[in-house]
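I have placed the structure first, in the form of structure tokens, so that the comments after it can refer back to it.
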Amino acid sequence: MDFGKLYETIFKRKSIRKFSDEQLDNNILDIIKNAFNDTKPLFPSINVDIKIVPGDSVKGLLLVKVPQYLLLFSENKPGYLLNTGFIFEQIDLCLSSSGTGSYWLGLTKPKKGRLERRHLNLLLHLLLQS
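Residues in the sequence shown are numbered consecutively from 922, following the working numbering.
What follows is the structure in structure tokens.
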């Protein structure tokens, strides 16, 4: 992960509100996986994991219809929210630096029984920029 490039991206990125209805291509999925593997957590002792899920796997009040979401799961330990936000922001910057828009979405959660994992902390809405 090129942290210099990520720093420059902070000043250039834009929030998106128009979303593509196409699935993320393999190149973008690889960027996500590599970014997650290269992230520097604030608290390495807290186990985290990501999962890319179909758009119909989540529910919420402010839900936007998209083909896929990226979920980040974390152990519930002291500092876990700060840690997950720090990790997600690195992934978000990697996506922005590669030309892929994303949007943080709150007030959502996996549909019951669809995703049995550790405590779900944050939900990042991953979308192609239109």
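Note that beta-carbon positions come from the ideal geometry of N, C-alpha and C, so glycine has one too.
Could you tell me which residues DSSP puts in a beta bridge with residue i?
i       : result
Lys1078 : The chain is shown only over 922 to 1051; residue 1078 falls outside these bounds and no answer can be derived.
Pro975  : Gln989
Which first and last residues belong to the alpha helix (DSSP H) in which residue i is found?
i       : result
Ser1018 : 1001–1018
Thr930  : 924–931
Leu950  : 947–959
Give the range of the beta strand (DSSP E) segment to which residue i is assigned.
i       : result
Ser1023 : 1023–1025
Taking the alpha-carbon positions, what's the residue i to residue j distance?
i       : j       : result
Ser941  : Val987  : 7 Å
Glu929  : Gly1020 : 13 Å
Gly971  : Phe994  : Here the sequence assigns Ile to residue 971, which means Gly is not the residue at that position. If I take the Cα positions, the gap works out to 6 Å.
Leu963  : Phe1009 : 12 Å
Gly976  : Ile953  : 17 Å
Pro965  : Thr1005 : 11 Å
Val979  : Lys926  : 32 Å
Ser1051 : Leu1026 : Reliability fails at Ser1051, whose pLDDT of 36 lies under 50, so the model's placement of it is uncertain and the value that follows must be treated cautiously. Spanning the two alpha carbons is a distance of roughly 18 Å.
What whole-angstrom Cβ distance do residue i and residue j have, given they're in contact under 8 Å?
i      : j       : result
Ile967 : Tyr990  : Ile967 to Tyr990, Cβ: 22 Å. No contact.
Gly981 : Lys1033 : The pair is not a contact, with the Cβ atoms about 13 Å apart (cut-off 8 Å).
Relative to the alpha-carbon of residue i, which residue among the options has its alpha-carbon at the smallest distance?
i      : options                          : result
Phe924 : Lys1030, Gln944, Asp1013, Asp977 : Asp1013
Asn997 : Gly1027, Ile949, Val969, Phe932  : Val969
Lys939 : Gln1011, Val985, Ser1018, Pro999 : Val985
Asn958 : Lys1030, Lys1033, Cys1015        : Cys1015
Ser936 : Ser1023, Asp946, Pro1031         : Ser1023
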